[in-house]
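Q:
Residue numbers (the working numbering): 3 to 740.
#1: If contacts are defined as beta-carbon pairs under 8 Å, then residue 542 and residue 580 qualify, I think. What distance do you get, rounded to the angstrom?
#2: Between the alpha carbons of residue 318 and residue 306, how many angstroms are there, rounded?
#3: For residue 113, does the count of other Cβ atoms within 10 angstroms reach 16, so buried, or fall short, so exposed?
#4: Identify whether residue 200 lies in helix, strand or coil by the three-state DSSP scheme.
#5: Name the DSSP bridge partner or partners of residue 458?
#6: Helix, strand or coil for residue 707, going by three-state DSSP, please let me know.
#7: Here's the rule I'm using: 16 or more other beta-carbon atoms within 10 Å means buried, otherwise exposed. How should residue 582 be labelled?
#8: Once the 5 residues before and after residue 283 are set aside, which same chain residues still bring their CB inside 7 Å of it?
#9: Scan the region 30–73 and note each continuous beta strand (DSSP E) run of 3 residues or more that stays entirely inside, going in chain order.
#10: Hey, how far is the Cα of residue 78 from the Cα of residue 302?
#11: Could you check the C-alpha separation between residue 407 and residue 395 for me, to the nearest Å?
#12: What does DSSP give as the partner residues of residue 553 in its beta bridges?
#13: What are the start and end residues of the beta strand (DSSP E) that includes residue 411?
#14: Which word fits residue 58, buried or exposed, when buried means at least 16 other C-beta atoms lie within 10 angstroms of its C-beta?
#15: Comparing alpha-carbon positions, which option in 564, 23 and 493 lies nearest residue 7?
#16: What are the start and end residues of the alpha helix (DSSP H) that includes residue 126?
#17: Measuring straight from C-alpha to C-alpha, what distance separates residue 503 and residue 522?
#18: Quick one: which unbroken alpha helix (DSSP H) runs of 4-plus residues sit fully inside the region 486–536? Chain order, please.
#19: State the DSSP-derived secondary structure class of residue 592, mapped to helix, strand or coil.
#20: When you compare only the Cα positions, how much space is there between residue 405 and residue 638?
#21: Quick check on the burial criterion: 16 or more other C-beta atoms within 10 angstroms. Buried or exposed for residue 536?
#22: Going by DSSP in three states, residue 730 sits in which element: helix, strand or coil?
#23: Tell me residue 617's beta-bridge partners as DSSP assigns them.
#24: Kindly provide the ranges of any alpha helix (DSSP H) runs that are 4 or more residues long and lie completely inside the region 68–105, ordered along the chain.
#25: Using the three-state DSSP reduction, which class does residue 186 fall into: helix, strand or coil?
#26: Between which two residues does the alpha helix (DSSP H) carrying residue 282 extend?
#27: Rounded to the nearest angstrom, what separates residue 68 and residue 42 at their Cα positions?
#28: So for residue 352, helix, strand or coil by DSSP?
#29: Please state whether the Cβ-Cβ distance between residue 539 and residue 566 is less than 8 Å.
#30: By the three-class DSSP mapping on this structure, what secondary structure does residue 563 have?
#31: Do you know offhand how far residue 359's Cα is from residue 392's?
#32: Could you pull out every residue in the same chain whose Cβ sits closer than 6 Å to the Cβ of residue 447, ignoring the five residues on either side in sequence?
#33: Could you spell out where the beta strand (DSSP E) holding residue 663 opens and where it closes?
#34: For the pair the region 642–657 and the region 678–690, tell me if three or more CB-CB distances fall below 8 Å.
#35: Leaving out the 5 sequence neighbours to the left and right, which residues in its chain are closer than 6 Å to residue 230 when beta-carbon positions are compared?
#36: I believe residue 19 touches residue 83 by the beta-carbon criterion, under 8 Å. Please report the beta-carbon distance rounded to the nearest angstrom.
Encoded structure:
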């Protein structure tokens with residue numbers, strides 16, 4: 003087993019790895035350390051799951067399953083880069099690309115008729131959404147801005163849009179008949195432990211098993227809830243009218259990647275409601291075409307384009323009229339006419355809402371100008387968090403990164419905790435009736451009366467991760483000296499069960515002198531935002547979905563991006579998982595590379611994760627050389643930031659490849675200057691001298707390829723040789739590094 007396992011992923015992070023991983027291997031080899039890789043990319047996962055359709059040369063091992071076992075071992079040390087949490091359109095595109103490359107994979111069967119098609123669909127569905135993180139995260143999350151990153155942001159504050167008290171930007175949420183208001187939750191008693199099932203009971207009493215063999219253990223917290231689609235449609239119609247009346251942009255903010263079953267359905271209702279007249283008028287044609295509103299306006303337009311020219315023109319005109327007659331739409335790309343409702347994976351709430359707040363509450367409209375926006379977040383579970391930050395900015399103006407405190411996060415996520423919506427416990431009600439959770443003894447734990455089409459979902463949070471989460475929260479508060487806030491609402495069913503456990507487990511730890519509080523998320527957001535504005539720090543101790551949201555929200559406001567965060571997952575069995583930041587902007591970066599051979603992806607989060615991984619290796623294996631490497635890398639990161647060698651935004655500046663050269667230069671210089679390890683000093687002294695002597699030549703070779711299209715040979719499954727040719731264009735650097 004390699005000392006450190008590096009993950010092969012997708013899009014910009016994987017392109018960056020082609021440049022940075024050779025540097026890592028070169029530096030760690032000098033210390034006798036080994037780096038292994040495992041493929042958890044979308045294409046890799048597809049190939050691993052369909053060996054029966056592939057030739058022997060094409061078959062690929064199931065690296066995700068292997069890593070899922072590894073992270074349960076005490077010697078695990080995994081660096082995990084952001085991977086695609088695939089929406090349906092992304093999955094379809096990846097399949098198509100692989101097929102074009104000669105992989106005889108089956109198409110995705112939207113309406114499976116045979117047993118084989120049902121099996122194929124089930125396999126593909128398991129690959130969609132947040133399929134990777136729940137497998138690898140066998141620990142809870144400790145995520146914070148590294149000191150060097152925070153200090154750099156204070157010295158070099160990023161631009162913040164101006165907030166005016168007159169801003170019309172606001173959050174709109176249902177507040178009733180949604181997941182939050184309909185939630186029921188129980189802590190599993192011993193008598194209910196065992197294999198539970200989820201059942202649909204029709205009006206005539208017919209019982210259909212939706213899920214069987216669901217293991218519930220004593221002490222687990224299990225929830226069930228649903229969203230009424232009638233209430234959703236009424237809510238959306240009202241908000242669309244209101245956005246039009248107020249003259250502001252209409253935007254929808256969901257997470258159809260992580261919430262791979264529930265949120266695409268909600269997104270589809272948004273599309274269908276916004277284009278209600280179009281769907282009503284052309285219902286028969288859309289049925290023939292197999293139009294699925296869950297796939298967005300982009301897929302609708304593509305299907306319409308296959309019709310005879312006159313019919314396609316008629317429907318296209320109707321779509322345009324509906325868009326023109328409705329409120330102005332929040333745009334993903336106004337130059338290309340790509341709206342908020344183009345595809346569900348284009349607007350991801352944890353990236354889109356912080357960006358809008360950072361911009362002064364402004365979004366881009368179809369006219370290419372910024373405007374105030376109605377931010378539609380249908381489920382009210384955490385909508386109030388964003389509303390609280392918006393209200394603060396309206397009252398106090400934009401936050402100042404040069405003076406802001408910080409809001410690190412301790413997140414409950416181990417063993418698939420709170421994986422709401424991204425698991426096989428989410429269902430669309432097949433008819434009017436009841437959906438219920440039945441324990442091993444046949445007793446009903448939770449039930450809801452539902453109507454056809456309602457979205458019902460359940461989640462499970464195991465007791466051991468909750469206990470570990472409380473411990474981690476106390477530990478981080480003690481080590482940092484920061485107050486810690488558990489973001490839990492006593493009026494919400496799930497949170498009420500967690501509060502009982504928090505209050506039971508806190509006395510197991512020394513909390514003397516610590517400031518630990520429990521607050522509802524909206525109040526916690528108000529409290530934490532007020533504190534960062536005063537330069538004060540507050541740890542957010544949250545559940546899994548809020549962990550996902552907050553580790554983008556506050557970092558984007560504090561340091562300009564969440565990609566620069568240090569994300570450590572202390573695995574429950576003693577190993578370490580080190581994550582490298584968010585990947586929400588990765589698609590735009592790939593587009594720029596393909597058009598201009600310029601990759602502005604910032605690998606700073608990767609540098610920080612590598613340093614933490616080396617430090618963990620030094621601690622658990624008493625490896626002094628690993629600690630020297632980690633210390634030198636920390637110094638290199640500080641120098642990289644101080645000298646402003648991170649990627650610029652546009653052609654002509656230093657891009658991702660250039661920043662990798664400078665981290666290598668500064669890392670080598672730090673190793674040559676240290677006196678703790680003579681062997682490393684002797685090895686890296688000539689390396690540092692060679693890199694420094696050739697700095698101008700190397701930067702010239704790296705920057706000289708910019709400005710023309712780059713060919714990587716694929717988006718989801720690019721041949722490594724082509725990627726290497728694009729990402730390692732400096733023969734001089736390659737000759738020194740190896």
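Glycine residues also receive a C-beta, built at the ideal position from the N, C-alpha and C atoms.
A: In short, the structure shows the following:
#1: By 1-based counting over the chain shown, the position of residue 542 is 540. By 1-based counting over the chain shown, the position of residue 580 is 578. Not a contact, Cβ separation roughly 20 Å.
#2: Mapped onto the chain shown, residue 318 falls at position 316. Mapped onto the chain shown, residue 306 falls at position 304. Roughly 7 Å between the two C-alpha positions.
#3: As a position in the chain shown, residue 113 is number 111, starting the count at 1. Residue 113 comes out exposed.
#4: As a first step, residue 200 is located in the chain shown; it is residue number 198 there, counting from the start. It is a strand residue.
#5: For the purposes of this step, residue 458 is taken as the residue at position 456 of the chain shown. In the DSSP output, where bridge partners are listed per residue, residue 458 has 228 and 429.
#6: The residue labelled residue 707 in the question sits at position 705 within the chain shown. The answer is coil: DSSP assigns residue 707 none of H, G, I, E or B.
#7: Numbered from 1 along the chain shown, position 580 holds the residue referred to as residue 582. Counting Cβ neighbours within 10 Å, residue 582 comes out buried, since at least 16 surround it.
#8: Here residue 283 is taken as the residue at index 281 of the chain shown, counted from 1. 320, listed in sequence order.
#9: 37–41
#10: Counted from its first residue, the chain shown places residue 78 at position 76. Counted from its first residue, the chain shown places residue 302 at position 300. Residue 78 and residue 302: Cα-Cα distance of roughly 45 Å.
#11: Here residue 407 corresponds to residue number 405 of the chain shown, with the count starting at 1. Here residue 395 corresponds to residue number 393 of the chain shown, with the count starting at 1. Distance between the alpha carbons of residue 407 and residue 395 is about 16 Å.
#12: On the chain shown, position 551 is the one that residue 553 refers to. Looking at the DSSP assignment, residue 553 forms no beta bridge with any residue, so it has no partner.
#13: Along the chain shown, one-based indexing puts residue 411 at 409. It spans 411–413 - the beta strand (DSSP E) in which residue 411 sits, taken as one unbroken run.
#14: Here the question's residue 58 lines up with position 56 in the chain shown. Answer is exposed; the Cβ neighbour count stays below 16.
#15: On the chain shown, residue 7 is found 5 positions in, with the first residue counted as 1. Comparing Cα positions, the closest option is 23.
#16: By one-based count along the chain shown, residue 126 stands at place 124. 117–129 is the extent of the alpha helix (DSSP H) around residue 126.
#17: Taking the chain shown and counting its residues from 1, the one referred to as residue 503 is at position 501. Taking the chain shown and counting its residues from 1, the one referred to as residue 522 is at position 520. Spanning the two alpha carbons is a distance of roughly 16 Å.
#18: 495–507 and 523–535
#19: What you label residue 592 is simply residue 590 of the chain shown in a count that begins at 1. Reduced to three states, the DSSP call for residue 592 is helix.
#20: Taking the first residue of the chain shown as position 1, residue 405 is located at position 403. Taking the first residue of the chain shown as position 1, residue 638 is located at position 636. So the alpha carbons of these two residues sit roughly 25 Å apart.
#21: Taking the chain shown and counting its residues from 1, one reaches residue 536 at position 534. Exposed, since its Cβ has fewer than 16 Cβ neighbours within 10 Å.
#22: Indexing the chain shown from 1 puts residue 730 at position 728. In this structure, residue 730 counts as coil in the three-state DSSP scheme.
#23: Within the chain shown, residue 617 is the residue found at index 615, counting from 1. Looking at the DSSP assignment, residue 617 forms no beta bridge with any residue, so it has no partner.
#24: 90–102
#25: Position 184 of the chain shown, counted from the start, is the residue given in the question as residue 186. The answer is strand: DSSP assigns residue 186 an E or B state.
#26: As a first step, residue 282 must be located in the chain shown, where it is residue number 280. 278–283 is the span of the alpha helix (DSSP H), which, as asked, contains residue 282.
#27: For the purposes of this step, residue 68 is taken as the residue at position 66 of the chain shown. For the purposes of this step, residue 42 is taken as the residue at position 40 of the chain shown. The straight-line gap from Cα to Cα measures roughly 10 Å.
#28: Here residue 352 corresponds to residue number 350 of the chain shown, with the count starting at 1. DSSP places residue 352 in helix when its eight states are reduced to three.
#29: Looking up residue 539 in the chain shown gives position 537. Looking up residue 566 in the chain shown gives position 564. No, they are not a contact pair.
#30: As a position in the chain shown, residue 563 is number 561, starting the count at 1. Residue 563: coil per DSSP, three-state reduction.
#31: Taking the first residue of the chain shown as position 1, residue 359 is located at position 357. Taking the first residue of the chain shown as position 1, residue 392 is located at position 390. Using only the alpha carbons, I get a separation of about 7 Å.
#32: Translated into the one-based positions of the chain shown, residue 447 becomes position 445. Cβ neighbours of residue 447 beyond the five flanking positions: 188, 439 and 441.
#33: Taking the chain shown and counting its residues from 1, the one referred to as residue 663 is at position 661. No beta strand (DSSP E) contains residue 663, which is instead part of the alpha helix (DSSP H) from 658–675.
#34: no
#35: Translated into the one-based positions of the chain shown, residue 230 becomes position 228. Taken in chain order, the residues that qualify are 179 and 456.
#36: The residue you call residue 19 lines up with position 17 of the chain shown. The residue you call residue 83 lines up with position 81 of the chain shown. Right, the Cβ-Cβ distance comes to about 7 Å (below 8 Å), so this counts as a contact.
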